[in-house]
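Chains as they are written, first to last, in our numbering: chain S, -1 to 108; chain H, 126 to 241.
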């Protein structure tokens, strides 16, 4: 079957670092996306990984290991505005349809 | 700036009513999608369209239909609304890309539908 797993909820402190994990089992693989979604708003694109390794983009980094079916999103110097849900999605080989995880709700405390 | 616009943010409909959710994108994207989002379940694909007048069923098409008469507009139709269709509906669009292009999906603001 096809499955994407992420923790349901995480809590972190302002200024700290947090790592959100995503594991996947899909019939094909054509890249992994991370999206951010604030409550009541549309998801917005954060990152895309298709090759193994770390992609850094400012305070956010995303890592992929295709052999392990594993990715993580790393958020540094956390700010209150980072409180949101973070969605992991995998693009499969055929017709680029995305399989979505249920999302991780990140709560930032002062 | 990229724009996907959904016509209604909040709707309340009665069981059995026909419901139309409209979505318009201004990016000349070929692909358009309708998802529903429920707590703990993530985004589930209802229908998608590769191009004008083309449509394909997603994972949960039962109880829904779609229409794509113009490239920029993709409509979701609930023929006879039921309470289990109470949800948040997200429209999205994308230009198909080659592998490794990381072609991004752009989402609308979402439509919160309550069926009573």
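Backbone N, C-alpha and C fix where the C-beta goes; we use that ideal spot for every residue, glycine too. Keep in mind that this is a model prediction, so the values were computed, not measured.
The beta carbon of residue 144 of chain H lies closer than 6 Å to those of 138, 203 and 206 in the same chain, with the five residues before and after it left out. Below the 8 Å Cβ cutoff, chain H contributes 234 and 235 as neighbours of residue 39 of chain S, in chain order. What residue 23 of chain S touches in chain H, judged by beta-carbon distance under 7 Å, is nothing: the nearest beta carbon there is about 15 Å away. For residue 213 of chain H, the closest alpha carbon among the candidates H:232, H:154, H:197 and H:177 is that of H:232. In its chain, beyond the 5 residues on either side, 129, 150, 154, 157 and 231 have a beta carbon closer than 6 Å to the beta carbon of residue 218 of chain H. A residue is called buried when at least 16 other Cβ atoms come within 10 angstroms of its Cβ; residue 14 of chain S does not meet this threshold and is exposed. Counting only runs that start and end inside the region 129 to 168 of chain H, the beta strand (DSSP E) elements of at least 3 residues fall at 129 to 131, 135 to 138, 144 to 146, 148 to 150 and 156 to 163. Interface annotation, residue 239 of chain H: not in contact with chain S, CB-CB separation never under 7 Å. When DSSP assignments are scanned along the region 191 to 231 of chain H, the uninterrupted stretches of beta strand (DSSP E) that are 3 or more residues long and fall wholly within it turn out to be 198 to 203 and 212 to 219. Per the coordinates, the alpha-carbon of residue 39 of chain S lies some 11 Å from the alpha-carbon of residue 237 of chain H. According to the DSSP secondary-structure assignment, residue 3 of chain S is paired through a beta bridge with S:21.
For the region 164 to 177 of chain H, the set of residues with a beta-carbon nearer than 9 Å to any beta-carbon of chain S comprises 164, 165, 166, 167, 168, 169, 170, 173 and 175, in chain order. For residue 18 of chain S and residue 5 of chain S, the gap between their C-alpha atoms comes out near 8 Å.
Minimum Cα-Cα distance from residue 159 of chain H among the listed residues H:209, H:240, H:185 and H:229 corresponds to H:185. In the same chain as residue 16 of chain S, and ignoring 5 residues on each side of it, the C-beta atoms closer than 8 Å to its own belong to 8, 10, 72, 73, 76 and 104, in chain order. Of S:53, S:46, S:97 and S:106, the smallest CA-CA separation from residue 3 of chain S is found for S:97. For residue 26 of chain S, not one C-beta of chain H is nearer than 7 Å to its own C-beta.
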